[in-house]
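One structure below.
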Amino acid sequence: MPATPSGGGARPEEASPAPPASTSSASSCMGTRPEELTARLAAAGAGPAPGAVPGCGGAGAGAGGEEVEHERVRALREIKNQIIGNRTKKLLYLRLGAVPSVVAALAEPGASPAALVQAAAAAGSFACGVEDGARAVLAAGAVEHLTRLLAHTDEKVVDASARALRMIYQSRLAPKFDVNSGKNMDFVLSLLDSENENVTELAAAIISHSCESSAEQLSLCSAGVPQKLVSLFGGSMNLRDACLGSVTAVIRNNRDVASRFASMDHGKGFRSVVGLIHDRSPRTRLLACLCLIALGHASPCHFQDKQIKTKLIMVLLELIEEPGHVGDEAPLALTTLIKDSFELQKQALTTNAVEKLSNHLLANPLETRRAVTILLALSELCSKLEESRSQLMSVEVSTLLLEALKHDWADIRIAACSCLKNISRSPKVLSGGRLSCDTVIGPLVQLLNDSSTSVQVSALGAICNIAVNLTPRKSVLLHSGVVSQLVQLSKSMDAMLRLKSVWALRNIMFLLSPKDKDFIVKELTLSTLSSLICDSEHFVQEQTLALVHNLVDGYVDSANYVIGEDGMVMDAIARQLNNASAPGVCIQGMYVLANIAAGNELNKEAVMNVLLPHRADRIKPSFVVNFLQSKDKQLRVATLWCLLNLIYPKCETSSGRVIRLQNAGVILQVKSMINDPCLDCKLRVRMVLEHCVDNADDCFISGKRKSVRFRSNICPEQWNMGTIFGSGKRKKSLSHERLGGGGALMMQGRGTLVETGESEDIGRHFGSIRITEPAVELA
Amino acid sequence: MFLSRIVLRDLNSIDSPASMASSKKVVTRDEWERKLRDVKIRKEDMNRLVMNFLVTEGFVDAADKFRIESGTQPEIDLATITDRMEVKRAVQSGNVQEAIEKINDLNPTILDTNPQLYFHLQQQKLIELIRVGKINEALEFAQEELAPRGEENQTFLEEIEKTVALLVFEDVKNCPYGELLDVSQRLKTASEVNAAILTSQSHEKDPKLPSLLKMLKWTQNQLDEKAAYPRINDFTTDALEDPSI
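First to last, the sequence lines map onto chains L and H.
Letter 535 of the first sequence, counting from 1, is numbered 535 in full-length UniProt numbering, and no numbers are missing.
Letter 7 of the second sequence, counting from 1, is numbered 7 in full-length UniProt numbering, and no numbers are missing.
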């Protein structure tokens with residue numbers, strides 16, 4: 001039904017739809033049209049005005065002050081009754097400029113309590129739920145007046161002012177209340193001591209609002225506010241809930257305050273909150289859980305008790321069944337509780353959280369906030385545990401997820417993508433059944449075109465992980481048209497979209513056939529690649545270099561992508577390496593160079609030119625030396641590998657390179673690292689030095705030389721759970737080397753695994769070594 | 001009910017495979033009534049239950065009388081009940097505007113923080129206009145007040161459509177959505193109002209007596225699986241019906 005502009009269509013003298021307002025003196029034709037009311041209010045505010053107010057005959061000139069006051073009260077009350085609950089009317093009155101008159105009534109020295117009550121209620125209502133309303137009320141100076149009125153003799157005025165102020169302080173535009181000032185703190189404390197519950201609830205609202213900085217939280221803590229709040233837990237339900245919320249705000253993310261709270265009064269405060277998680281009122285239970293969760297995050301050492309954590313999970317799972325707001329928000333609380341915690345996710349699994357949440361999800365329509373929060377909770381439950389992922393993948397839930405990907409609500413689409421992203425961290429869950437990579441990839445690719453950026457980002461995350469699990473069957477992906485979409489998004493203005501699309505391409509690129517690699521490079525173009533390497537965001541640079549790393553892995557020819565075409569990409573890499581970029585960028589860059597250096601002479605020379613450019617100025621030391629001196633061991637290792645590949649296998653040109661490196665002070669630097677604290681580095685250092693010696697000596701111990709290849713692998717969160725795809729062997733990645741021949745040669749780092757050739761020479765490892773770690777990264 | 005729970009507990013402790021396999025345990029009427037007599041309940045607890053019911057449902061006079069006769073203290077100040085009851089009465093008699101104004105006098109934050117309640121009150125207002133045949137006013141009201149609610153919140157659209165559809169029919173009482181004109185609709189809205197006011201006053205919106213009855217029903221259902229015993233089938237008469245053997 002189309003909305004008509006308010007006020008249109010009705011003739012002013014027509015009786016209003018509402019039954020006649022309270023009987024009063026002259027004006028039986030008192031209009032209720034907003035324009036008239038606003039005018040009447042303004043007129044009354046200006047004092048007894050001689051002019052007639054339009055539409056009303058009787059009252060006006062000649063009537064005494066009392067009559068005017070009466071007028072004002074009536075007008076205020078009418079306005080109040082029209083705007084409460086009614087966003088449209090609030091906006092209308094705002095446009096008519098009613099707010100200043102309303103607030104002026106609060107400032108009126110001779111105002112009757114009745115007028116003050118109505119004006120306060122109206123002012124509070126304007127500030128409720130309508131930003132412009134809050135702004136207007138604040139601009140008119142309402143806070144000052146209302147605060148003053150808190151000390152009024154008439155209890156009703158105090159009530160009304162307290163409620164109005166509470167509305168104002170709960171709005172997004174609430175004014176700053178500086179608790180660091182002694183005067184302000186005293187004021188808050190006095191409010192907390194009041195007998196009037198409206199006033200103490202106001203105090204709680206002000207406190208919740210004034211916890212932005214840790215300094216403020218500390219001030220409140222030192223002034224004894226948490227204790228007072230806890231003592232008010234015995235009050236009425238609403239007051240208790242308000243105080244719980246305030247305690248949470250005071251301790252949130254503040255380790256100092258949180259631990260003080262936990263030990264306060266020998267833990268009395270803490271125990272009170274714990275007791276409240278079993279309260280009769282669902283809302284109180286939820287707020288108590290949120291408080292404990294905040295405490296646990298801020299000060300983990302005070303929250304070691306496993307029992308409490310289990311109880312929290314159980315209470316929250318029960319709360320999900322509550323109707324209304326509580327049931328909607330309980331899953332979110334659960335998500336926050338278990339976030340990033342393997343232990344708690346495991347605990348939740350044992351209490352059948354996945355099953356319970358799934359049942360709820362299936363029992364309710366999707367276009368509800370509850371469905372969104374439940375999906376997000378399920379997503380978090382699957383973030384670390386394989387078993388949760390399998391449990392989730394029932395036929396019904398799979399069907400629902402597919403539906404959710406196409407839903408009208410953006411939030412549902414985002415939540416569904418988040419679920420898929422975490423589910424696809426598992427190598428096997430998406431391998432068959434209703435929900436497989438094949439069925440899911442189509443809808444996800446569609447979402448890459450979504451109108452909402454958040455949805456796009458979310459879909460990209462899912463694709464990143466699916467790409468990992470599709471190795472080696474990547475044809476499904478490549479035929480889905482995802483590559484051109486990803487390439488498109490890599491040129492987006494939004495940095496996050498660039499990051500995630502490049503990330504997805506990187507994961508797709510891993511172990512791809514040369515033909516498919518070529519296809520991707522042709523779509524992406526080398527110039528786009530180069531500009532991405534020089535992106536304004538370092539995390540985009542890093543992912544791009546990781547992409548290049550995967551590109552040049554495996555086949556000598558692939559190095560041509562980097563060196564060829566005037567070496568556009570190589571130049572970009574060189575630029576980044578020389579520019580003291582972020583460590584992650586440099587590490588990936590060195591991996592790329594290391595892999596290229598494992599190729600033929602041309603490749604090695606190209607790398608040398610980056611490391612030691614033929615430059616007139618020799619003043620600036622090569623970045624190689626800087627990298628070798630880095631605190632980051634990954635960077636040192638990567639650089640050492642690059643050097644290793646440059647000077648191996650032994651030959652004339654290798655010797656030449658050794659000399660050049662020596663002249664640049666690189667070898668000296670390597671020598672100084674002979675006792676590097678990192679075992680991996682130490683080993684490579686020795687290898688480099690041995691090769692230098694060999695190149696000089698022209699002799700080397702012959703032994704079976706075999707190409708030792710390093711392959712990295714997908715790594716779920718715990719990197720001691722190594723997986724192998726393709727080769728069928730399964731090895732755990734270790735955190736230390738096994739020096740000496742035979743078996744596995746491991747490299748440290750996330751998810752690195754090795755396929756071994758036979759490397760017999762004890763203590764000596766020869767071979768063309770390429771590094772591909774970390775080749776894929778889970779989103 | 002307490003008796004049935006005791007019997008349940010006793011039965012659980014005799015949980016041997018033999019007795020499980022056989023038919024249910026039978027409790028004769030005599031045994032049952034004997035056990036019933038042994039269960040002790042305090043009069044004060046009963047009184048508080050009754051008071052809680054009267055006060056939550058808003059029977060002020062009855063509550064006051066009960067207070068005088070039994071000495072049981074009401075958990076809410078009876079004066080506040082009066083305000084709440086006036087609102088409820090206004091809704092039940094179809095004076096919605098009066099109800100709105102009274103709620104706002106009582107606590108102006110209620111309708112501002114309960115969009116669903118506010119919508120239902122306005123919906124009721126429209127229904128009342130339609131009921132008395134003020135079609136023009138109803139149309140205007142629907143356009144000015146209900147339509148914006150639908151714009152502000154899509155979940156109301158379906159109900160708005162139903163209510164506005166009433167305007168189309170000649171014989172409203174018998175049209176598809178005619179039940180909206182029923183007194184029961186007023187009572188529904190009144191109940192919602194009552195609950196909102198109680199919540200704003202930090203009181204539980206549901207009396208305890210219905211919960212107890214629910215528990216009784218559940219306990220009997222549970223016991224039915226394990227025993228045959230005199231059941232209460234009609235809660236109003238409390239008559240024990242002999243077990244069918």
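Ideal Cβ placement from N, Cα and C applies to all residues, glycine included.
Exercise. Below 7 Å CB to CB, which residues in the same chain sit around Ala-298/L once its five sequence neighbours on both sides are set aside?
Key: Taking the first sequence and counting its residues from 1, the one referred to as residue 298/L is at position 298. Ile-251, Arg-252, Asn-253, Asn-254, Arg-255 and Ala-258, listed in sequence order.
Quiz item: For Arg-252/L, which beta-bridge partners are listed by DSSP?
Solution: The count along the first sequence starts at 1 and reaches residue 252/L at position 252. Bridge partners of Arg-252/L: none, in fact.
Practice problem: Grab me the residues of Lys-309/L's own chain with a C-beta within less than 7 Å of its C-beta, minus the 5 sequence neighbours each way, in chain order. | Solution: Here the question's residue 309/L lines up with position 309 in the first sequence. Contacts found: Leu-344 and Gln-347.
Quiz item: Could you give the C-beta distance for Ile-130/H and Val-91/H, rounded to a whole number, given that I count them as a contact under 8 Å?
Solution: Translated into positions along the second sequence, residue 130/H becomes position 130. Translated into positions along the second sequence, residue 91/H becomes position 91. 16 Å between Cβ atoms; not a contact.
Quiz item: Is the number of C-beta pairs between the stretch 112–132 of chain L and the stretch 142–160 of chain H that are closer than 8 Å three or more?
Solution: Contact annotation: the stretch 112–132 of chain L does not touch the stretch 142–160 of chain H, with fewer than three C-beta pairs closer than 8 Å.
Quiz item: Nearest chain L C-beta to Leu-111/H closer than 8 Å, yes or no?
Solution: For the purposes of this step, residue 111/H is taken as residue 111 along the second sequence, with counting starting at 1. Yes, contact with chain L.
Quiz prompt | Per-residue DSSP class, three states only, for Val-26/H | solution = Along the second sequence, read from residue 1 onward, the residue named residue 26/H stands at position 26. DSSP places Val-26/H in strand when its eight states are reduced to three.
Quiz item: Using the C-alpha atoms, what's the distance from Leu-139/H back to Met-1/L?
Solution: Reading the first sequence from its first residue, position 1 is the one you call residue 1/L. Reading the second sequence from its first residue, position 139 is the one you call residue 139/H. Summary for Met-1/L: the model assigns pLDDT 42, below 50, so the residue's position carries little reliability, and this model does not support an answer.
Exercise. Residues of the stretch 151–164 of chain H with a CB closer than 8 Å to any CB of chain L: list them in chain order, please.
Key: Along the stretch 151–164 of chain H, the positions whose C-beta sits under 8 Å from a C-beta of chain L are Glu-151, Glu-152, Ile-160 and Val-164, read in chain order.
Quiz item: Are three or more beta carbon pairs between the stretch 515–523 of chain L and the stretch 562–573 of chain L nearer than 8 Å?
Solution: No, because fewer than three Cβ pairs between the stretch 515–523 of chain L and the stretch 562–573 of chain L fall closer than 8 Å, the two stretches do not touch.
Quiz item: Along the chain, where does the alpha helix (DSSP H) that runs through Glu-145/H open and close?
Solution: Within the second sequence, the letter at position 145 stands for residue 145/H. No alpha helix (DSSP H) holds Glu-145/H; DSSP gives it neither H nor E.
Self-check item: Neighbour flag for Ser-211/H against chain A, beta carbons, 8 Å
Solution: In the displayed structure, chain A is absent; the protein chains listed are L and H.
Exercise. Pull up the DSSP beta-bridge partners for Arg-231/H, would you.
Key: In the second sequence, counting from the first residue as 1, residue 231/H sits at position 231. According to DSSP, Arg-231/H bridges with Glu-241/H.
Quiz item: Which residues, in order along the stretch 75–86 of chain L, keep a beta-carbon less than 7 Å from a beta-carbon of chain H?
Solution: Of all residues in the stretch 75–86 of chain L, only Lys-80, Asn-81, Ile-84 and Gly-85 come within less than 7 Å of chain H when Cβ atoms are compared, listed by chain position.
Practice problem: In the DSSP assignment, find the alpha helix (DSSP H) that holds Met-393/L and state where it starts and stops. | Solution: On the first sequence, residue 393/L is found 393 positions in, with the first residue counted as 1. According to the DSSP assignment, Met-393/L belongs to no alpha helix (DSSP H), since it is labelled neither H nor E.
Practice problem: Give me the Cα-Cα distance between Gly-85/L and Val-183/H, rounded to the nearest whole angstrom. | Solution: Numbered from its first residue, the first sequence carries residue 85/L at position 85. Numbered from its first residue, the second sequence carries residue 183/H at position 183. Their backbone Cα atoms lie some 25 Å apart in a straight line.
Practice problem: Quick one: residues in its chain with C-beta nearer than 6 Å to the C-beta of Val-548/L, no 5 flanking neighbours on either side, listed in chain order? | Solution: If you number the first sequence from 1, residue 548/L lands on position 548. For Val-548/L, same chain residues with a beta-carbon under 6 Å away, outside a window of 5 residues either side, are Val-592 in chain order.
Quiz prompt | the stretch 196–216 of chain L / the stretch 120–134 of chain L touching (three or more Cβ pairs under 8 Å) | solution = They do not touch, by the three-pair rule.
Quiz item: If contact means a Cβ-Cβ distance below 7 Å, which residues of the stretch 150–166 of chain L contact chain H?
Solution: Cβ contacts with chain H come from Arg-163.
Self-check item: Exposure label - residue 785/L; buried when at least 16 CB within 10 Å
Solution: For chain L, the structure presents residues 1 to 779; residue 785/L sits outside this window and is missing.
Quiz item: Tyr-93/L lies in the alpha helix (DSSP H); which residues open and close that run?
Solution: What you label residue 93/L is simply residue 93 of the first sequence in a count that begins at 1. From DSSP, the alpha helix (DSSP H) with Tyr-93/L extends over 87–95.
Self-check item: Short Cβ contact (8 Å threshold) for Val-68/L with Ala-44/L
Solution: Counted from its first residue, the first sequence places residue 68/L at position 68. Counted from its first residue, the first sequence places residue 44/L at position 44. Yes, they are a contact pair.
Exercise. Would you mind listing the alpha helix (DSSP H) stretches within the stretch 368–456 of chain L that are 4+ residues and don't spill past its ends, in chain order?
Key: Listed in chain order, the complete alpha helix (DSSP H) runs (minimum 4 residues) inside the stretch 368–456 of chain L are 369–381, 386–392, 395–405, 410–423 and 437–447.
Quiz item: Can you tell which of Ile-412/L, Leu-381/L and Asn-595/L has the C-alpha that lies nearest to the C-alpha of Val-455/L?
Solution: Residue mapping note: residue 455/L aligns to position 455 of the first sequence, counting from 1. Taking only the C-alpha atoms, the option nearest Val-455/L is Ile-412/L.
Practice problem: Kindly provide the ranges of any beta strand (DSSP E) runs that are 3 or more residues long and lie completely inside the stretch 549–574 of chain L, ordered along the chain. | Solution: Segments of the beta strand (DSSP E) lying fully in the stretch 549–574 of chain L: there are none.
Exercise. Look at Glu-128/H and Gly-178/H and say whether their C-beta atoms are less than 8 Å apart.
Key: Taking the first residue of the second sequence as position 1, residue 128/H is located at position 128. Taking the first residue of the second sequence as position 1, residue 178/H is located at position 178. Result no, Cβ atoms of Glu-128/H and Gly-178/H do not sit closer than 8 Å.
Quiz item: Can you tell which of Asn-695/L, Ile-168/L, Ala-139/L and Ile-441/L has its C-alpha closest to the C-alpha of Leu-644/L?
Solution: Counting from 1 along the first sequence, the entry for residue 644/L is found at position 644. It is Asn-695/L whose Cα lies nearest to the Cα of Leu-644/L.
Quiz item: If you draw a straight line from the C-alpha of Thr-528/L to the C-alpha of Lys-491/L, how long is it?
Solution: Stepping through the first sequence from its first residue, residue 528/L is reached at position 528. Stepping through the first sequence from its first residue, residue 491/L is reached at position 491. Here the alpha carbon of Thr-528/L sits roughly 8 Å from the alpha carbon of Lys-491/L.
Quiz item: With Met-590/L and Leu-635/L assumed to form a contact (beta carbons below 8 Å), what rounded beta-carbon distance in angstroms separates them?
Solution: The sequence position of residue 590/L within the first sequence is 590, counting from 1. The sequence position of residue 635/L within the first sequence is 635, counting from 1. Taking C-beta atoms under 8 Å as the contact rule, Met-590/L and Leu-635/L qualify, at a distance of about 7 Å.
Quiz item: Is the shortest distance between the beta-carbon of Cys-128/L and the beta-carbons of chain H less than 8 Å?
Solution: One-based indexing of the first sequence puts residue 128/L at position 128. Contact of Cys-128/L with chain H is assigned, a C-beta pair being separated by under 8 Å.
Quiz prompt | Residue-chain proximity (Ala-205/L, chain H), Cβ-Cβ < 8 Å | solution = The residue labelled residue 205/L in the question sits at position 205 within the first sequence. It does not: the Cβ of Ala-205/L has no partner Cβ on chain H nearer than 8 Å.
Quiz item: Going by C-alpha distance, which of Ser-630/L, Ile-667/L and Asn-238/L is nearest Ile-647/L?
Solution: Here residue 647/L is taken as the residue at index 647 of the first sequence, counted from 1. Checking every option, the nearest Cα to that of Ile-647/L belongs to Ile-667/L.
Quiz item: If we ignore side chains and look at the alpha-carbon of each, how far apart do Cys-243/L and Cys-678/L end up?
Solution: Reading the first sequence from its first residue, position 243 is the one you call residue 243/L. Reading the first sequence from its first residue, position 678 is the one you call residue 678/L. Taking the straight line from one Cα to the other gives about 52 Å.
Quiz item: Would you say Asn-194/H reaches chain L, if we count a Cβ-Cβ gap shorter than 8 Å as a contact?
Solution: Sequence index remark: in the second sequence, residue 194/H carries index 194 (1-based). False, the Cβ-Cβ gap to chain L never drops below 8 Å.
Quiz item: Within 8 Å (strictly less), CB to CB, does Cys-184/L reach chain H?
Solution: Numbered from its first residue, the first sequence carries residue 184/L at position 184. It should be noted that the sequence gives Asn, not Cys, for residue 184/L. Taking Cβ atoms only, chain H never reaches closer than 8 Å to Asn-184/L, which makes this a no.
Exercise. Could you check the C-alpha separation between Thr-200/L and Leu-146/H for me, to the nearest Å?
Key: By 1-based counting over the first sequence, the position of residue 200/L is 200. By 1-based counting over the second sequence, the position of residue 146/H is 146. Whole-angstrom Cα-Cα distance: 36 Å.
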